[in-house]
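These notes are about the structure you will find just below.
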Amino acid sequence: EAHAQRLLFHEWMYMFVVTISTVGYGDIAPDTVLGRLVVMLMIIFSIVNIPQMTNTLIEKMKYTSVYTRARYVKKSHTSHLLICGNLRSLSLVDFFSELFHEDHEIDNVQAVILANSPPWHEMQQLLTNPSFSVIITYLQGSALNEDDLARAHAESALAIFILTDKFSTQPLEQDAKTILQQFSIERYINHRRHFHSAEQGKDESTTPNVPVQFCTEVIRAENRKHLAPADAFDDGNRNVIVCLNEIKMG
């Protein structure tokens, strides 16, 4: 249209938007045959594709919740516990009541839950409970994803609980998931600490790093060896491995 009408680009965009929105002022229109053909193709493309893309966007927005975008905000003089794995097979109120019991004499501690699914009914009741709503943060994500671990500040957690599904009919598969989660978190923590040491120009060998304590549940006793250190009686190892089958047999 340049030789027929000397209009600027934004004026043609105005014509295009006004036309496909069916307002149709008609103050700007193509004059040449080629220009009209191009505009026809653009309108057909927009009518067919824009609704499809809009529907796809709405469908994706339906599957995302505030918990997938939420982050744990660290506060001064407070520490937090990271809890991940399968929380559906335990009594949430009993678990958190014991976790935050005053007899433990730990103050200013909060809990961050990292779970794969949105909060289920029992979890929603817990999150709206005045006794726990202030000290529990729920995040939807995976312990195998570094971005989700960053949202939960796993590297600065006081302790990390990895819970298993004690009612699982496939204990080997369930233990494998649990072990992978711990390996993933350990790898993330080591990576973050190495990055911070390099960023600050410090030698890692002279930088004291307090090890994060893991409390991990496994179902079968033979899978304990994958998580236990070479020297299981090392005083520097604070990790706790809970074997559910041993408790049942005991």
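The numbering used here numbers the first residue of the sequence shown as -2 and each following residue consecutively. All C-beta atoms, glycine included, are put in the ideal place defined by N, C-alpha and C. These figures come from a predicted structure and were not determined experimentally.
Cross-strand partners of residue i (DSSP beta bridge)
i      : result
Ser263 : Outside the displayed range of the chain (-2 to 247) lies residue 263, so it cannot be described from this structure.
Ile133 : Ala108
Gln210 : Ala156
Val237 : Cys212
Gly82  : Leu160
CB of residue i within 9 Å of CB of residue j, strictly
i      : j      : result
Val106 : His77  : yes
Leu124 : Arg68  : no
Ile132 : Phe92  : no
Pro168 : Arg235 : no
Val36  : Pro27  : yes
Gly82  : Ile159 : yes
Ala156 : Val209 : yes
Ile182 : Leu84  : no
Asp162 : Ser86  : yes
Phe13  : Ile40  : yes
Glu56  : Thr29  : no
Own chain residues within Cβ distance below 7 Å of residue i, not counting five before or after
i      : result
Arg184 : none
Trp9   : none
Ser62  : Pro115, Gln137
Phe129 : Phe93, Leu123
Gln171 : Thr161, Asp162, Ser165, Ile216
Same chain only: Cβ atoms within 6 Å of residue i, ignoring 5 sequence neighbours per side
i      : result
Thr203 : Unreliable placement is indicated for Thr203, whose pLDDT of 46 sits below 50; the coordinate value is still reported in the next sentence. Counting only Cβ-Cβ distances below 6 Å, and skipping sequence neighbours, we find nothing.
Val15  : Tyr22
Reduced DSSP secondary structure (H/G/I, E/B, other) of residue i
i      : result
Ile40  : helix
Ile216 : coil
Lys71  : coil
Leu146 : helix
Ile176 : helix
Arg189 : helix
Leu4   : coil
His101 : helix
Ser88  : coil
Ser139 : coil
Gly32  : helix
Ala229 : With a pLDDT of 46 at Ala229, under the threshold of 50, the modelled position of this residue cannot be trusted, and the question is left open.
Own chain residues within Cβ distance below 8 Å of residue i, not counting five before or after
i      : result
Ser114 : Gln137
His118 : none
Lys71  : His77, His150, Ser153
Any contact between the region 95 to 111 and the region 176 to 189? By contact I mean 3 or more CB pairs, one from each, below 8 Å.
no
Using 8 Å as the cut-off, can you tell me whether the region 215 to 224 makes contact with the region 80 to 94, which would need three or more C-beta pairs spanning the two stretches below that distance?
no
Are the region 176 to 183 and the region 138 to 154 in contact at 8 Å, needing three or more beta carbon pairs?
yes
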